[in-house]
Amino acid sequence: MYWEPERECMDRDELRQLQLEQLQATLSRVYMNVPFYRKKFDELGIDPDELRSLEDIRKLPFTTKNDLRDNYPYGLFAVPLREVVRIHASSGTTGMSTVVGYTKNDIKTWSNLVARVLTAAGVTKDDVVQIAFGYSLFTGGFGLHYGAERIGASVIPISSGNTDRQIRIMQDFKTTALICTPSYASLIADTIQEMGININSLSLKYGLFGAEPWSEKMRQEIQEKLRIIATDNYGLSEVMGPGVAGECLERNGLHINEDHFYVELVDPETLEPVPPGEVGELVITTLTKEAFPVIRFRTRDLTRFIPEQCPCGRKTVRMQRVMGRTDDMLIIRGVNVFPSQIENVLMSVEGTEPHYQIVVDRKGALDEVTVMVEVSEAIFFDEMKRQTGLVETIKKRLSSELNISVNVKLVEKKTIERTEGKAKRVIDNRKL
Ligand code: DLL
Numbered sequence: 004m005y006w007e008p009e010r011e012c013m014d015r016d017e018l019r020q021l022q023l024e025q026l027q028a029t030l031s032r033v034y035m036n037v038p039f040y041r042k043k044f045d046e047l048g049i050d051p052d053e054l055r056s057l058e059d060i061r062k063l064p065f066t067t068k069n070d071l072r073d074n075y076p077y078g079l080f081a082v083p084l085r086e087v088v089r090i091h092a093s094s095g096t097t098g099m100s101t102v103v104g105y106t107k108n109d110i111k112t113w114s115n116l117v118a119r120v121l122t123a124a125g126v127t128k129d130d131v132v133q134i135a136f137g138y139s140l141f142t143g144g145f146g147l148h149y150g151a152e153r154i155g156a157s158v159i160p161i162s163s164g165n166t167d168r169q170i171r172i173m174q175d176f177k178t179t180a181l182i183c184t185p186s187y188a189s190l191i192a193d194t195i196q197e198m199g200i201n202i203n204s205l206s207l208k209y210g211l212f213g214a215e216p217w218s219e220k221m222r223q224e225i226q227e228k229l230r231i232i233a234t235d236n237y238g239l240s241e242v243m244g245p246g247v248a249g250e251c252l253e254r255n256g257l258h259i260n261e262d263h264f265y266v267e268l269v270d271p272e273t274l275e276p277v278p279p280g281e282v283g284e285l286v287i288t289t290l291t292k293e294a295f296p297v298i299r300f301r302t303r304d305l306t307r308f309i310p311e312q313c314p315c316g317r318k319t320v321r322m323q324r325v326m327g328r329t330d331d332m333l334i335i336r337g338v339n340v341f342p343s344q345i346e347n348v349l350m351s352v353e354g355t356e357p358h359y360q361i362v363v364d365r366k367g368a369l370d371e372v373t374v375m376v377e378v379s380e381a382i383f384f385d386e387m388k389r390q391t392g393l394v395e396t397i398k399k400r401l402s403s404e405l406n407i408s409v410n411v412k413l414v415e416k417k418t419i420e421r422t423e424g425k426a427k428r429v430i431d432n433r434k435l
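Listed below in structure tokens is the structure:
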């Protein structure tokens with residue numbers, strides 16, 4: 004049930020000592036090998052050899068996605084290209100993509116960390132693992148593939164897309180673990196139903212989902228439809244890819260691989276540490292990466308640490324599921340809300356389907372938000388009265404639970420675009 008118990012269950016004091024030593028080594032490495040960091044440290048009068056405690060990390064500057072873009076493509080690599088054996092890049096939905104590299108050793112570390120995440124989520128060498136993440140510059144496919152091979156599972160590198168074929172292969176190859184985004188899992192579940200396949204004829208036991216925010220209700224929905232145990236796992240290409248953190252079978256927060264990543268939570272406005280237990284932006288410093296170390300990388304992801312030790316025995320700190328990215332936060336008449344919170348409310352209303360989209364328009368000085376949600380055919384073709392009732396229920400719940408007032412539109416099944424990768428939950432029509 005553990006992949007590397009000596010690390011995952013390591014005593015906290017010992018862990019902190021290890022983190023400090025690794026941090027010191029990383030800092031002198033980036034100072035020596037990456038002009039960008041050297042310049043920044045020099046400007047601030049920071050001598051990397053003077054870091055005495057982990058808390059001293061707060062004196063170091065943050066690194067942002069813009070810094071990565073400014074140094075496109077290889078400016079932040081800490082080793083010569085001949086030592087780089089793999090290159091990935093982030094999706095770059097906005098602007099230029101960011102490029103990351105791995106040495107041979109980095110790939111080994113990465114595989115091990117993904118192996119930890121898989122093991123914690125129940126996967127063993129006896130499993131048949133279907134990887135329905137894209138195999139591409141995106142880190143999802145290859146990252147999980149290497150981890151699954153590392154533990155000795157039988158890996159099906161099917162990549163994303165071609166859902167009917169995914170399902171046929173799932174049946175024929177007796178897949179026991181499905182790995183993809185939660186929104187793709189939800190599409191696969193619906194397609195299984197539509198194809199008239201009896202779910203009990205499949206061998207699925209586990210689902211490991213990540214790469215985008217999802218709600219607890221969505222987890223329940225997927226678990227019920229696919230009859231699996233679904234866990235959440237988190238990572239980002241700038242830091243490594245998948246393998247940064249993942250849930251154990253307790254399914255109550257994601258264990259962070261702290262012996263490889265030093266994590267902080269800061270207030271995104273003041274950049275000061277948030278008080279214990281509060282939500283903040285996750286900031287990550289890599290402790291062991293060779294080709295592409297990052298110092299205090301601002302992830303833009305909002306979460307909270309769970310201070311209590313997990314009953315599973317791991318001593319690594321857990322983070323709550325990511326609520327969303329600071330850039331995805333909606334401000335609806337002064338109330339801050341994330342799409343995943345809206346999702347949680349929608350999913351708790353009887354009759355809704357797990358497919359929705361949030362459309363933001365500007366009317367005068369105010370943002371107007373319309374939540375479009377798919378409903379079952381029975382409801383869609385039912386009398387007006389029932390539909391109006393459902394709209395009212397959803398509006399009331401959103402208002403009482405999130406304090407937001409929005410328009411709600413029920414739409415027919417399949418109206419909302421399906422995704423085989425990361426879902427686009429917000430359509431922003433404002434010309435800001
Ligand atoms: O999504 C890496 C990954 C692949 C993680 C497969 C897990 C599984 P990027 O494309 O660089 O890398 O996107 C990273 O996706 O900053 C978060 O905003 C979001 N994200 C990733 N995992 C989760 C998650 C991969 N479990 C960005 N929950 C991150 C919520 C997630 N958001």
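In the working numbering, the protein residues as written are 4 to 435.
A virtual CB, placed ideally from N, CA and C, is assigned to each residue, including glycine.
Here the structure is a predicted model, which means the values were calculated and not measured.
Non-local C-beta neighbours of Asp370 in its own chain, meaning closer than 6 Å and more than five positions away in sequence, comprise Val363, ordered along the chain. At least one heavy atom of the ligand DLL lies less than 8 Å from the C-beta of Leu257. Membership of Met326 in any alpha helix (DSSP H) is not indicated, and neither H nor E is assigned to it by DSSP. Classified as buried, Ala135 has 16 or more neighbouring CB atoms from the shown chains inside 10 Å of its CB. Secondary structure remark: continuous alpha helix (DSSP H) runs of at least 4 residues inside the stretch 203 to 258, in chain order: 219 to 229. Residue burial is scored here from C-beta neighbours: Gln312 has fewer than 16 other C-beta atoms within 10 angstroms and is therefore classed as exposed. Shortest gap from the CB of Glu152 to any heavy atom of the ligand DLL: 8 Å or more. Look at Lys427: its beta carbon is at least 8 Å from all of the heavy atoms in the ligand DLL. Asp129 has its Cβ no nearer than 8 Å to any heavy atom of the ligand DLL. The C-alpha of Phe44 lies about 22 Å from the C-alpha of Glu272. Rounded to the nearest angstrom, the Cβ distance from Tyr187 to Gly424 is 7 Å, consistent with a contact under 8 Å. Separation of Thr396 and Met375 (C-alpha to C-alpha, rounded to the nearest whole angstrom) is 14 Å.
Within the chosen limit of 8 Å, the ligand DLL reaches the beta carbon of Ala214 through at least one heavy atom. Beyond the five residues adjoining it in sequence on each side, Leu47 comes within less than 7 Å, by CB distance, of Pro64 in the same chain, given in chain order. Pairing Ile225 with Ile90, the inter-Cα distance amounts to about 33 Å. Within its own chain, the residues whose Cβ lies closer than 8 Å to the Cβ of Phe341, once the five positions on either side in sequence are excluded, are Pro216, Leu305, Met326, Gly327, Asp331, Met332, Leu333, listed in chain order. Inclusion of Leu147 in the 8 Å shell around the ligand DLL follows from its C-beta lying nearer than that to a non-hydrogen atom of the ligand.
Lys399 and Val352 have their C-alpha atoms spaced approximately 11 Å apart. Not one heavy atom of the ligand DLL is found less than 8 Å from the C-beta of Leu79. Here the C-alpha atom of Glu17 lies approximately 16 Å from the C-alpha atom of Gly316. Relative to the ligand DLL, the nearest heavy atom lies less than 8 Å away from the CB of Gly238. Close CB contacts of Ile49 within its chain, under the 7 Å cut and outside five residues either way in sequence, are with Lys62, Leu63 (chain order). Here Ser189 carries a helix assignment [DSSP, helix/strand/coil].
Apart from the 5 residues on each side of it in sequence, Thr101 sits with its Cβ closer than 8 Å to the Cβ of Lys68, Leu71, Arg72, Tyr75, Ala92, Ser93, Gly95, Ser240, Glu241 in its chain, given in chain order. Shown here for Leu349: same chain residues with a beta carbon closer than 6 Å to its own, the five before and five after excluded, namely Thr355, Tyr359, Val376 in chain order. A residue is called buried once 16 or more other Cβ atoms fall within 10 Å of its Cβ, and Lys292 is buried on that count. Measuring C-alpha to C-alpha distances from Val372 to each of Gln25, Val411, Phe141 identifies Val411 as the nearest. Within the same chain, and ignoring the five residues on either side of Tyr209 in sequence, the residues whose Cβ sits closer than 8 Å to its Cβ are Ala124, Gly125, Val126, Asp130, Thr179, Ala180, Leu181, Ile231, Ile232, Ala233, Thr234. Note that the C-beta distance between His258 and Arg321 is below 9 Å.
For Gln25, the uninterrupted alpha helix (DSSP H) segment begins and ends at 15 to 36. In this structure, Ser93 has its CB closer than 8 Å to one or more heavy atoms of the ligand DLL. Non-local beta-carbon contacts of Asn432 in its own chain, meaning distances under 6 Å to residues more than five positions away in sequence, involve Asp364 in chain order.
Counted as a single uninterrupted DSSP element, the beta strand (DSSP E) harbouring Met375 occupies residues 369 to 378. Note: His91 is bridge-paired with Val103 in the DSSP secondary-structure output.
Rounded to the nearest angstrom, the Cβ distance from Val117 to Leu147 is 6 Å, consistent with a contact under 8 Å. Cα atoms of Leu57 and Glu261: separation of roughly 13 Å, rounded to the nearest angstrom.
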